[in-house]
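Residue numbers (full-length UniProt numbering): 1 to 119.
Laid out in structure tokens, this is it:
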């Protein structure tokens with residue numbers, strides 16, 4: 001049973017692979033540059049091409065925090081900023097990246113994709 005297609009571990013892996021690939025394609029369509037993971041439930045994406053000069057880091061907030069705050073308030077989509085995972089001296093390395101989770105119900109992922117396509 002462990003090696004069968006009906007096995008939970010096999011089915012969940014293929015389900016997440018489909019969701020990952022679907023989100024990766026949409027992120028590319030939107031002008032982002034996704035970092036495609038080999039495992040896990042998260043995709044990092046460089047959003048600098050779509051943000052342009054509208055969102056810039058300053059003494060109070062990093063660019064990724066400003067962008068995800070905009071997405072939450074204006075587009076009602078929750079995305080994670082990445083710089084929060086870095087020490088202050090290294091935050092600049094992740095300033096152009098945001099983190100998407102694709103371990104979601106299909107309806108939730110489809111709604112997020114609909115919103116992303118409007119960016």
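Note that beta-carbon positions come from the ideal geometry of N, C-alpha and C, so glycine has one too.
- With fewer than three CB-CB distances shorter than 8 angstroms, the stretch 14 to 34 does not count as touching the stretch 72 to 91.
- Under the DSSP assignment, residue 68 falls outside any beta strand (DSSP E), being part of the alpha helix (DSSP H) whose first and last residues are 63 to 75.
- Spatial neighbours of residue 103 in its own chain (CB-CB distance under 6 angstroms, excluding positions within 5 residues in sequence) are listed in chain order as 41.
- Within the model, the alpha-carbon separation for residue 43 versus residue 24 is close to 8 angstroms.
- Excluding the 5 residues flanking it on each side, residue 49 has same chain C-beta neighbours closer than 8 angstroms at 31, 32 and 33, in chain order.
- For residue 28 against residue 109, the beta-carbon gap comes to about 16 angstroms, at or over 8 angstroms, which does not count as contact.
- Leaving aside the five residues that flank residue 99 on each side, the residues in its chain whose CB is nearer than 6 angstroms to its CB run, in chain order, 42, 44, 80 and 82.
- Cβ-Cβ distances below 8 angstroms link residue 4 to 10 in the same chain, with the five nearest sequence neighbours on each side left out; the list follows chain order.
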